[in-house]
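Report on one structure; see the data block that follows.
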């Protein structure tokens, strides 16, 4: 089933109930998607999870092995750390919406290829349009590059605000990178404090 062509997000739906129905329809379309080679080896389509009307939406790279098994984003060790990061800024996973740039696991957890990211782009753009978050957080290099259309090193683009589909967007490190490199925890915390403060300011 083809991905919706949505380089320009559609106008907001009339209400949350209608947006939720549209999200369910979009998830069903993603579940049947065969637009790229990632469909061949997947166990699950990891569409997204969380509050469909969240103020904060977080976007990662793609599912890992555990996410592929469970069909949910960020459920492995990186997901446990993400939960703690959210708790540190006063939020639970149930209060935010979490999605990935690609919905199917790349083999061997390799980086998604550009054509795979492009094949999934319509789903992600529509998810953002339907959730209507106040803020976005791009978790890691792959998500940042996909959302911002840049190839700049993450160290040059993290820690400051960007715009994605009209939504203020913070770039920070992926939780998996923090597990590999403890030195990234401090800058990530600084980034997430900015997110917390902007959410509180309304």
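Residue numbers (this note's numbering): 4 to 205.
Ideal Cβ placement from N, Cα and C applies to all residues, glycine included.
Predicted model only: the values in this text are computed from it and were never measured.
In this structure, residue 136 lies away from residue 65, with their beta-carbon atoms at least 8 Å apart.
The segment 112-130 and the segment 58-78 touch, with no fewer than 3 CB-CB distances between them shorter than 8 Å. In this structure residue 60 is in contact with residue 102, their Cβ atoms being roughly 7 Å apart against a cut-off of 8 Å. Taking the CA atoms as reference points, residue 72 sits about 6 Å from residue 46. In the DSSP assignment, residue 63 falls outside any alpha helix (DSSP H) and lies within the beta strand (DSSP E) extending over 59-63. Cβ-Cβ separation between residue 56 and residue 19: approximately 5 Å, consistent with a contact (criterion under 8 Å). Within the same chain, and ignoring the five residues on either side of residue 126 in sequence, the residues whose Cβ sits closer than 7 Å to its Cβ are 6, 29, 33 and 106. For a cut-off of 8 Å, the C-beta gap from residue 138 to residue 203 is around 11 Å, too long to register as a contact.
Going by DSSP, residue 165 is part of no alpha helix (DSSP H) but of the beta strand (DSSP E) stretching over 164-167. When rounded, the separation of the alpha-carbon atoms in residue 165 and residue 173 is 6 Å.
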